[in-house]
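What follows is one structure encoded as structure tokens, with my remarks underneath.
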Amino acid sequence: MKSLCLLLLAMLLATPLHAAQTLVLVTADQPPLSTNDQNGFSDRVIREACKRLGIEAQIIPLSSARTLSNVEQAIDDGNFLRIAGVEKSFPHLIRVPEVIIEVQFVIFSKRKGLKTPTWSSLKPYHVGYVRGWIIAEQNLKQVRQTTVVENRTSLFKVLESDRIELALAELYGGYYLMHTLNLPQLSIAQPPLATREMFLYLHKRHEKLVPRLAATLKEMKRDGSYDAIFQQTLAPYLPPKLRKP
């Protein structure tokens, strides 16, 4: 009996009382914000924030449209990066109210000196964008023609092959693709069409985690770890004037 009790005690001590929580997060972001090895800027920021709370973040790439529907249906736990207001269309999503990154949505093209002061300035053109980008769906309804593709790499390839005239993309991803696809001939129209704060969203079943994650993200910005991740993942692809978050 004594041996049995000792064996049961040893088994109890070897078993953790609480298994580490895992969040399955889906994203349509591509390098340098999210990468297959989960070492993009957003990947690393979110993984570090979760790690500090004893949570493992598992990041899965999906199409932009599927990411939202999967979280809304509780198939997955969260989605990044998204602008504020997504919860109006997807009521089961809740925003972690601390900015992951601020991005500019700009036009890439072969047209030197193109000015884009308003969305209406795009009206005469054939514009491409990535499927599921709400900001594009809302603002490109009046352009002459649109082409919708599945990811940013495809977007820049159809732009390079002249199948579209203009490509709407976020600035960091655009600079990355200009670098990796060797597209120095592309120009970035000014001014930016929009600047948006981008967030992590969780399914409402994780509502209690939201303020803890927000506080942890704030602490990362205070202690310098956020800036260090920016310098390692984004700054190498940017011109000097943009190498600060």
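Counting from 0, one number per residue, gives the positions in the sequence shown under numbering that gives the first Met the number 0. Every residue, glycine too, gets a C-beta built ideally from N, C-alpha and C.
- Cα atoms of Ser88 and Ala188: separation of roughly 30 angstroms, rounded to the nearest angstrom.
- Shown here, Asn78 sits in a strand according to DSSP, grouped into three states.
- Bounds of the beta strand (DSSP E) holding Thr26 are Gln20 to Thr26.
- Within its own chain, the residues whose Cβ lies closer than 7 angstroms to the Cβ of Tyr171, once the five positions on either side in sequence are excluded, are Pro31, Leu32, Val102 and Leu233, listed in chain order.
- Judged by DSSP in its simplified three-state form, His205 adopts helix.
- Of the other Cβ atoms in all chains shown, fewer than 16 fall within 10 Å of the Cβ of Ala227; this residue is therefore exposed.
- For Val148, the CB contacts under 8 angstroms within the same chain, skipping 5 residues up- and downstream, are Gly127, Tyr128, Val129, Arg130, Leu154 and Val157 in chain order.
- By the criterion of a C-beta distance shorter than 7 angstroms, Tyr174 is surrounded in its chain by Tyr236 and Leu237, once the five residues flanking it on both sides are discounted.
- Distances from the alpha-carbon of Leu92 to those of Phe79, Ile163, Val98 and Phe104 put Phe79 closest.
- Across the structure, Ile59 and Asp76 are spaced so that their CA atoms are roughly 11 angstroms apart.
- Secondary structure of Tyr128 (DSSP, three-state): strand.
- Beta-bridge partners assigned by DSSP to Leu92: His202.
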